[in-house]
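Undergrad:
2 protein chains.
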Amino acid sequence: MISQSRNSEKEKELLSAALELFVAYGFHGTPTSKIALQAGVANGTLFHYFKTKDELVLALYVDIKQKMSTYLEEHVLPETTLAGKFRAIFTNSMQWALANKTSFQFLQQFQTSPYLSRISPEETLGQVKDHLMLIQLAVDEGFFKPKPPELILTMVMGHIFGLFQYLCSSDFTNDEQNKVIEQGFEMLMAMLK
Amino acid sequence: MISQSRNSEKEKELLSAALELFVAYGFHGTPTSKIALQAGVANGTLFHYFKTKDELVLALYVDIKQKMSTYLEEHVLPETTLAGKFRAIFTNSMQWALANKTSFQFLQQFQTSPYLSRISPEETLGQVKDHLMLIQLAVDEGFFKPKPPELILTMVMGHIFGLFQYLCSSDFTNDEQNKVIEQGFEMLMAMLK
DNA sequence: TTCTTGATTGACTAATCACTCTACAAATGT
DNA sequence: ACATTTGTAGAGTGATTAGTCAATCAAGAA
Chain A
521 MISQSRNSEK EKELLSAALE LFVAYGFHGT PTSKIALQAG VANGTLFHYF KTKDELVLAL
581 YVDIKQKMST YLEEHVLPET TLAGKFRAIF TNSMQWALAN KTSFQFLQQF QTSPYLSRIS
641 PEETLGQVKD HLMLIQLAVD EGFFKPKPPE LILTMVMGHI FGLFQYLCSS DFTNDEQNKV
701 IEQGFEMLMA MLK
Chain B
521 MISQSRNSEK EKELLSAALE LFVAYGFHGT PTSKIALQAG VANGTLFHYF KTKDELVLAL
581 YVDIKQKMST YLEEHVLPET TLAGKFRAIF TNSMQWALAN KTSFQFLQQF QTSPYLSRIS
641 PEETLGQVKD HLMLIQLAVD EGFFKPKPPE LILTMVMGHI FGLFQYLCSS DFTNDEQNKV
701 IEQGFEMLMA MLK
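Respectively, the protein sequence lines represent chains A and B. For the first sequence, this note's numbering begins at 521 and goes up steadily by one. For the second sequence, this note's numbering begins at 521 and goes up steadily by one.
Next up, the structure:
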């Protein structure tokens, strides 16, 4: 219905404005008034959609996490082989991060901030469970070295963060970017196999 | 002199209190009044040592960076071989991070925050110049794969961050920790050689 | 039409914050 | 001894903030 789409629109505007401002000025460094202003709504409207500022921060985190997960699922599910799945997870994570730099920066910022503790351990676990299972499978089949899956996962994520920072630090053409991602994946595999 | 040592003491107290509170509640989430309280000094005293809150944040960053650098230099300089130097850099970075978790967490938080832009590029470059030169040397000698040193450096740092998070996520004995660090180094070398 | 419900507004408030200011104490220099 | 600088305190201030509230507005239901 029309009214609902209006609702979502303003909510989306608020989330989008919050994302930009949070990355630029930090969570506490961004007043709700500025968020409302940039979203083009009144002060009070923000609190109609989000009871508190904290709730807005958490909602933004969940929203971004979900968008990235959806993107990854779409691109990984079609892959049939283990190697194909890992390549898809890695390259598409990088592609998404580079295509959504602000969102990815927000994730980094959030995950190293005290806000992270507001996310329940179950929810955190749920987000990585699938990946852990896939890694376990790869270990069982001798595709990866026999290491704890959690160790492998954190290393892969560290790898992705590092590569992201490298690709953001200077200007690359799309071709160069893809080449670096490709090489980064090969190096990662050299480490894990 | 006595007065100077008193000065340093209060300044250190303030930096130490700020560190704990920043990691627990974030930069803007920590009022200067609470910092002064925890440091055991009056409100105004904080502003005698640091003109503004921002200056305190930056001073804390510089202080921690310098402590880590000093620690690394001490342990890396004695090494004579390339392999020895890299192993020393890696393992001692991990050791320092685990022995100074809060400090290391602060570095992570700071480096993913908008505050990072307050640090001049020259200063940032100065901090990594030595490492970049060492990597370049290793590439020239065929010790590492022929990749841009910046790429190798960000990957190593991503590796360290990942390993740090893994070792913080659950309880390990010292022996287990050292084993993981050792293995982590071997894997890193497998990737870079 | 009339009623109801939810969206929207922006002025308002109580609390909090970074920072100042004045006064005083302690150390240092001469 | 005296003067000067430096450290310390904590009440005070003006600005800012998250969140509230009473008042409209829009739109569908009866």
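C-beta: ideal position from N, C-alpha, C; glycine also.
Quick check on the burial criterion: 16 or more other C-beta atoms within 10 angstroms. Buried or exposed for V582(B)?
TA: exposed
Undergrad: Any idea if H568(B) is buried or exposed, counting beta-carbon neighbours within 10 angstroms, 16 or more meaning buried?
TA: exposed
Undergrad: Between the region 633-646 of chain A and chain B, which residues of the former have a C-beta closer than 9 Å to a C-beta of the latter?
TA: Going along the region 633-646 of chain A in chain order, one finds S633, P634, Y635 with a Cβ nearer than 9 Å to chain B.
Undergrad: If we count Cβ pairs, one from each stretch, closer than 8 Å, do we get three or more for the region 621-636 of chain A versus the region 625-632 of chain B?
TA: Output reads yes: the region 625-632 of chain B touches the region 621-636 of chain A.
Undergrad: Quick one: which chain A residues come within Cβ less than 7 Å of Y686(B)?
TA: E670, L671, T674
Undergrad: Is there a C-beta anywhere in chain A that falls below 8 Å from the one on M588(B)?
TA: no
Undergrad: Tell me the rounded alpha-carbon separation between L578(A) and W616(A).
TA: 21 Å
Undergrad: Taking all protein chains shown into account, decide if I522(B) is buried (16 or more other Cβ within 10 angstroms of its Cβ) or exposed.
TA: For I522(B), the pLDDT reaches just 32, beneath the cut-off of 50, and the residue's location in the model is therefore unreliable, although a value from the coordinates is still provided. Exposed, by the Cβ-count rule.
Undergrad: Below 8 Å on C-beta distance, what does G549(A) contact in chain B?
TA: F547, H548, P634
Undergrad: Start and end of the alpha helix (DSSP H) containing V700(B)?
TA: 694-712
Undergrad: Does the CB of M521(B) have a neighbour CB from chain A at under 8 Å?
TA: Any reading at M521(B) is ruled out, since the residue's pLDDT is 34, under 50, leaving its predicted position unreliable.
Undergrad: Which whole runs of the beta strand (DSSP E) in the region 557-608 of chain B are 3 residues long or more, in chain order?
TA: none
Undergrad: According to the neighbour-count rule (16 or more other Cβ atoms, all chains shown, within 10 Å of its Cβ), is A537(A) buried or exposed?
TA: buried
Undergrad: Are the Cβ atoms of V700(A) and L712(A) separated by less than 8 Å?
TA: Not a contact, by the Cβ cut-off of 8 Å.
Undergrad: Name the residues in the region 590-615 of chain A whose C-beta lies less than 8 Å from a C-beta of chain B; which are they?
TA: none
Undergrad: Take the Cβ of Q586(B) as the centre, count every other Cβ of all protein chains shown within 10 Å, and call the residue buried at 16 or more, exposed below.
TA: Exposed, since its Cβ has fewer than 16 Cβ neighbours within 10 Å.
Undergrad: Name the two residues that bound the continuous alpha helix (DSSP H) containing F663(B).
TA: That residue, F663(B), is in no alpha helix (DSSP H); it is neither H nor E in DSSP.
Undergrad: Tell me whether the region 669-685 of chain A and the region 646-655 of chain A touch, counting them as touching only if at least three CB pairs, one residue from each stretch, are closer than 8 Å.
TA: Counting Cβ pairs under 8 Å, three or more are found: they touch.
Undergrad: What residue range is occupied by the uninterrupted alpha helix (DSSP H) comprising I639(A)?
TA: Careful: I639(A) lies outside any alpha helix (DSSP H) and carries neither H nor E.
Undergrad: Run the CB neighbour count on A556(A), radius 10 Å, all protein chains shown included, and call it buried at 16 or more, exposed below.
TA: Burial call: buried.
Undergrad: Hey, is M707(B)'s beta-carbon within less than 8 Å of any beta-carbon in chain A?
TA: yes
Undergrad: Could you check where the alpha helix (DSSP H) with T632(B) kicks off and where it finishes?
TA: Taken as a continuous stretch (DSSP letters only), T632(B) belongs to no alpha helix (DSSP H), as it is neither H nor E.
Undergrad: In the structure shown, what three-state DSSP assignment does L618(A) receive?
TA: Secondary structure of L618(A) (DSSP, three-state): helix.
Undergrad: Spatial neighbours of R607(B) within its chain, please: C-beta separation below 7 Å, excluding the five flanking residues on both sides.
TA: F705
Undergrad: Would you mind sorting Q524(B) into buried or exposed? The rule is 16 or more other CB atoms within 10 Å of its CB.
TA: With a pLDDT of 41 at Q524(B), under the threshold of 50, the modelled position of this residue cannot be trusted, and the question is left open.
Undergrad: In the DSSP assignment, find the unbroken alpha helix (DSSP H) run with T674(A) in it and report its ends.
TA: 669-689
Undergrad: Go through its chain and collect everything with a Cβ distance to M614(B)'s Cβ below 8 Å, but skip five positions before and after it.
TA: I680, L683, F684, L687, I701, G704
Undergrad: Would A537(A) count as contacting chain B if we go by Cβ distances under 8 Å?
TA: For A537(A), not one C-beta of chain B is nearer than 8 Å to its own C-beta.
Undergrad: Check each candidate in E529(A), L576(A), D691(A), L592(A) and name the one with the smallest Cα separation from F610(A).
TA: L592(A)
Undergrad: In whole angstroms, what separates the C-alpha of S553(A) from that of T565(A)?
TA: 10 Å
Undergrad: Give the DSSP-derived three-state secondary structure of H548(B) in the structure shown.
TA: Of the three classes helix, strand and coil, the one that applies to H548(B) here is coil, per DSSP.
Undergrad: What residues from chain A crowd round S689(B), counting only those whose CB sits closer than 9 Å?
TA: E670, T674
Undergrad: Which residues in the same chain have their Cβ closer than 8 Å to the Cβ of H595(B), if we skip the five residues on either side of it in sequence?
TA: A608, N612
Undergrad: Would you mind stating whether F663(A) and L602(A) have Cβ atoms separated by less than 8 Å?
TA: yes
Undergrad: Can you give me the C-alpha to C-alpha distance between V659(B) and F692(A), rounded to a whole angstrom?
TA: 22 Å
Undergrad: How would you label T674(A), buried or exposed, when you count the other beta carbons within 10 angstroms and need 16 or more for buried?
TA: buried
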